[in-house]
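What follows is a single structure, written as structure tokens, with notes after it.
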Amino acid sequence: MIILQSIFDSFLNSDFPLIFFHHIAVFLLNIISYAYIAVKFFKVICYSKLTFEWLPMINPYIWPFSFFQVLSTPYFQMWSKILPPVKFEKSSVEISALIALEALNSIIYFLVKFTNILVAFLQEIESAMQIL
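When the letters of the sequence shown are read in order and numbered with our numbering, they come out as residues 479 to 610.
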């Protein structure tokens, strides 16, 4: 038991835990950065789909514009199943597309916040590594 305790103490006093957490934080930062870029790109695709649906001269079902339709329709259908149209007396309003876009904005917001936390964590680790 004493041998395990001394091994554990020497492990904690070495640079290995700091270097390990530094590498994990850099890896997570890279993953989050790529996720941020992917979500921003998908947000542009979703906005483009909604814009092309509103323009009467553009047929969203032919080639260059069908690309946006094919990529974003499953996402909007998922939100349409979650939030059905709001019905008034003789009409209904489809708000699921707005909520879907706000969900993308929220994901982007939390990715940025998590990136800021990881950057602060990396700065603390690097300052601790310089002290040792």
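Cβ atoms here follow ideal geometry from the backbone N, Cα and C, with glycine treated the same way.
_Cutoff 6 Å; reference A503; Cβ partners in own chain excluding five residues on either side_ = Within the same chain, A503 has close Cβ partners L596, F599 and L600.
_With DSSP as the reference, identify every bridge partner of V564, one or two as the case may be._
For V564, which the question treats as bridged, DSSP gives the partners V571.
*Would you kindly work out how many angstroms separate the C-alpha atoms of I573 and N508, rounded to a whole number?*
Cα to Cα, the separation comes out at about 34 Å.
_Only counting the same chain, and skipping five residues up and downstream in sequence, which positions put a Cβ closer than 6 Å to that of Y514?_
Hits under 6 Å: L589.
_Helix, strand or coil for M535? Go by DSSP, reduced to three states._
Looking at M535 - three-state DSSP - the assignment turns out to be coil, as it is neither helix nor strand.
_In chain order, what are the residue ranges of uninterrupted beta strand (DSSP E) at least 3 long that sit wholly in the region 495–542?_
As far as the region 495–542 is concerned, it has no whole beta strand (DSSP E) run of at least 3 residues.
*Rank Y525, I560 and L506 by C-alpha distance to the C-alpha of F543 and give the top, closest one.*
That would be Y525, whose Cα lies nearest to the Cα of F543.
*How big is the Cα-Cα spacing for P552 and F566?*
When rounded, the separation of the alpha-carbon atoms in P552 and F566 is 26 Å.
_Applying the 10 Å Cβ sphere with the 16-neighbour rule, what's the burial state of A578?_
The residue in question, A578, is buried, as its Cβ has 16 or more Cβ neighbours within 10 Å.
*Mind checking whether P562 and V571 have CB atoms under 8 Å apart?*
The Cβ atoms of P562 and V571 lie no closer than 8 Å to each other.
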